[in-house]
Amino acid sequence: MSYVDALTIAAVVDELHETIIGGRIQRVLQPGPLSIALEVYADHHRYHLLISASPRFARIHLSAAKPSRGTTSDTPLLLLLRKYVTGGRIVAIEQPNLERVVLLSIVKRPPQRNSAPIEPTEEIETEPDEPDDEFDEHEESLLRCELVAELMDQRSNIVLVGDNNIILGCARRVTAKMSRRVILPREPYELQPPQDKRDPRLITAAGVRDTSESAEPDAKGRAPTLARALVTTYRGLSPLAAREAVFRAVGDTEAMPGPDLPWERVAAAVPVLWSPTNRRPCLVRKDGAPIAFAPYTLTHMAGASDQPSMSAALEAYFAAREHLTDHQQRREALRAQILDVRERLEKQRASLNSELRKVRDLERLRWEGEMIYAFLHTLEPRQAELRIDGDPRVITLDPRKSAVESAQERFRAYDKAKGAMEGVPERLHAVEVRLAGIDETLALLDLAEGFEAIETIALEVADQGLLSNRHTEKKRRPSKLKATPLRLESSDGFAIYVGRSAGQNEMVTFKLGAPEDLWLHARGLPGAHVIIKSAGRDVPQSTLEEAAALAAYFSRNREEPAVEIDITRRSQVRRIRGGPPGLVSYHAEATIRAAPRPPWK
């Protein structure tokens, strides 16, 4: 497994200098318990910076995708970041020499009295106004702090440090019993002491030869490879980087130290990796899955491909590896609970269909009784069956009974069972409507982007009686969880509303939508209700296509190249009687094909 080393961090820091330095931090959130994301507005662009102190997935990089909240409550660190960081400017970004640490220096104006920080909503993507709070970063009245990302595997941490070098908060608390280096609020902050190793940028042929030949065997008594000897001797050199340098020098990552090695080439290969001019981010895939990354071309591994940036390589790698974030785990748990309900409803439907088949058998009893009476004059005593011309069905008779007794027996059986079967079609319809609603909810759950959207769906299904309240988060206020529908504006200036849950679909269609507005939905698929607010105006084709692309994106066929989208007036949409929220029927529709497109593109 690859990990973020000092070389990778150096490449990311260079990218941050080119993008977010001087930018304003618009928003702070926590995608996970040990990670934070900063939304930074710099040079007319919005950037998302992700910092993770996960023991397995520690890293820092820009994220092309907008991070979503993944924790059930606000942590102390998040509250402190909102106070000290939100609204501040990033004035410096540093990496201590050869360390896996990044320091972000942030300054901001003190908050005015009686004012509370405003956390921007994530419901609508809007372009922030150009900040009018320009200030000189050297002003004495400014609040100053440092956000420190320590990316050191099991010892990874995120620390907020005040201007007096006192720790304000941290992602992981480290006590004196755990380490000599204490990380706790109100304690002084100290950087990790540097390792007692040599600087790889100053490597020499003589130095690498001497240290390699004197390297000690490993715990199993095996002689160290040249790459391992380099890692042991030089700071900031990861095993991956050491193997790459050795391969470039001698063509074998497992080469052993020896008198015939080209020591000059080995010494020359190491500093090249550190040179910014030779930086070339790459990602290595095996069977389609990323297995390694580096800020230089990995020539010793098959499947390496260039990446547009180091951040892009890191995002692709960790997106595949860290596929179970908190909110994704919540999604899977909620899906399993809903599927349990669906399985029970499927059993009910199967049972009711079986009952319906019995109803059809009862109709056969009634028909036989009527036919026996109709042909009573043709029946002979002790006749065993009755055949009717033009009908393949054969009516079996009991020779021991008269024809009248046979007919009456059928009518009695029919009347007795008919009462027990009353309401079966209605009950079957109700179950099928509930199943359709569950399928809609499952599709919207798959499309939900972030913790808030997932919890909104959880609350809605609980309100419908599908789940007990214990399945929902009790500590969060429902008003914060029940997010409003997505609102966007088309290129022609028309408001477009998109529902992302059953309740939001209900709101979009029957509360926000007026009879003359246009209503869109993926044809024959679970998905979002989309409304174009037309106010009686003709809707341009460009707006129709944009709304249809949204309806396609928020449908079960999001991954398809194109989706059929039905369009009709909202006045032609009707609730399904007895159905769950958001389940509708409609007519008088037109259909177009649209390629799915997310709302932020």
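The numbers in my numbering rise by one with no breaks, and the one at position 266 of the sequence shown is 276. In this text, a Cβ means the ideal position worked out from N, Cα and C, and glycines have one as well. Treat the numbers as computed from the prediction; the structure is a model and nothing was measured.
Would you kindly work out how many angstroms separate the C-alpha atoms of ARG580 and ASP84, rounded to a whole number?
-> Their backbone Cα atoms lie some 40 Å apart in a straight line.
State the Cα-Cα distance for the pair VAL112 and ILE103, rounded to the nearest angstrom.
-> About 7 Å.
Taking the C-alpha atoms as reference points, what is the distance between ALA225 and ASP163?
-> 25 Å
Kindly indicate which three-state DSSP category THR18 falls into: helix, strand or coil?
-> Judged by DSSP in its simplified three-state form, THR18 adopts helix.
Residue nearest to ALA423 in terms of C-alpha spacing, selected from ARG376, LEU438, ALA472 | With distances taken between Cα atoms, ALA423 lies closest to ARG376.
Decide if ARG392 is buried, meaning its Cβ has at least 16 other Cβ atoms within 10 Å, or exposed.
-> Per the 10 Å Cβ criterion, exposed.
Could you tell me whether the Cβ atoms of LEU366 and ALA302 are closer together than 8 Å?
-> Taking 8 Å as the Cβ cut-off, LEU366 and ALA302 do not qualify as a contacting pair.
Report yes or no: do the segment 42 to 62 and the segment 280 to 296 share at least 3 C-beta pairs separated by less than 8 Å?
-> no
Okay, do the segment 460 to 467 and the segment 558 to 573 touch, 3+ Cβ pairs below 8 Å being the bar?
-> no
Beta carbon of ILE467, beta carbon of TYR507: below 8 Å?
-> It is not a contact, given that the beta carbons lie outside the stated cut-off.
Within the segment 259 to 308, ranges of the beta strand (DSSP E) (whole runs, at least 3 residues) = 292 to 296, 299 to 304
Using a threshold of 8 Å, state whether the C-beta atoms of LEU240 and ALA259 are closer than that.
-> no
Would you mind listing the beta strand (DSSP E) stretches within the segment 524 to 579 that are 3+ residues and don't spill past its ends, in chain order?
-> 528 to 532, 540 to 542, 573 to 579
Candidates LEU72, ASN167, GLY546, of which the one nearest SER64 by Cα | Residue ASN167 is the option with its Cα nearest to SER64.
Would you call the segment 346 to 362 and the segment 428 to 446 in contact, with 3 or more CB pairs under 8 Å?
-> Taking 8 Å as the limit for Cβ pairs, the verdict is that the segment 428 to 446 does touch the segment 346 to 362.
What are the uninterrupted segments assigned as beta strand (DSSP E) that are 3 or more residues long and contained completely in the segment 363 to 411, given in chain order?
-> 395 to 397, 404 to 406
With 16 other Cβ atoms within 10 Å as the buried cut-off, status of ILE134 | Only weak support exists for where ILE134 lies, its pLDDT of 38 falling under 50; the value from the coordinates is given anyway. Exposed, because fewer than 16 other Cβ atoms sit within 10 Å of the Cβ of ILE134.
Between HIS597 and TRP529, what straight-line distance do the alpha-carbon atoms span, to the nearest angstrom?
-> 11 Å
How is the alpha helix (DSSP H) around ILE467 delimited, first residue to last?
-> Looking at the DSSP string, the run of the alpha helix (DSSP H) that includes ILE467 is 461 to 473.
Taking the CB atoms as reference points, tell me whether LEU201 and PRO291 lie closer together than 8 Å.
-> no
Who are the Cβ neighbours of HIS333 in its own chain at under 8 Å, not counting the five residues just before and after it?
-> Legend: pLDDT at HIS333 = 49, less than 50; position of this residue unreliable, value from coordinates given subsequently. Once the five neighbours on either side are set aside, HIS333 has no close Cβ partner at all.
Taking C-alpha atoms, which residue in ASP399, GLN514, ALA360 lies nearest to VAL434?
-> ALA360
For ASP220, the first and last residue of its enclosing alpha helix (DSSP H) | Bounds of the alpha helix (DSSP H) holding ASP220 are 215 to 223.
Is there contact between the segment 183 to 203 and the segment 214 to 225, where contact requires at least three CB pairs shorter than 8 Å?
-> Because the criterion of three Cβ pairs below 8 Å is not met, the segment 183 to 203 and the segment 214 to 225 do not touch.
So what's SER2 in DSSP terms, helix, strand or just coil?
-> Because the chain in this structure spans residues 11 to 611, residue 2 falls outside the shown range and cannot be described.
When burial is assigned at 16 or more other CB atoms within 10 Å of the CB, is MET517 buried or exposed?
-> buried
Assign HIS27 to one of three DSSP states: helix, strand, or coil.
-> helix
Any idea what DSSP makes of ASP163, helix, strand or coil?
-> helix
Given that a residue counts as buried once 16 or more other Cβ atoms are within 10 Å of its Cβ, and exposed if not, what is THR451?
-> buried
Between the Cα of LYS76 and the Cα atoms of ILE46, ALA343, HIS54, which residue gives the shortest distance?
-> ILE46
Check each candidate in PHE421, VAL549, ALA394 and name the one with the smallest Cα separation from ARG410.
-> The candidate whose alpha carbon is nearest that of ARG410 is ALA394.
State the Cα-Cα distance for the pair ARG341 and ALA20, rounded to the nearest angstrom.
-> If you take the alpha carbons of ARG341 and ALA20, they lie about 36 Å apart.
What residue range is occupied by the uninterrupted beta strand (DSSP E) comprising GLY42?
-> Residues 34 to 42.
Which residues in the same chain as LEU88 place their Cβ atom closer than 6 Å to its Cβ, once the five residues preceding and following it in sequence are excluded?
-> Excluding sequence positions up to five before and after LEU88, its CB lies within less than 6 Å of the CB of GLN40, all in the same chain and listed in chain order.
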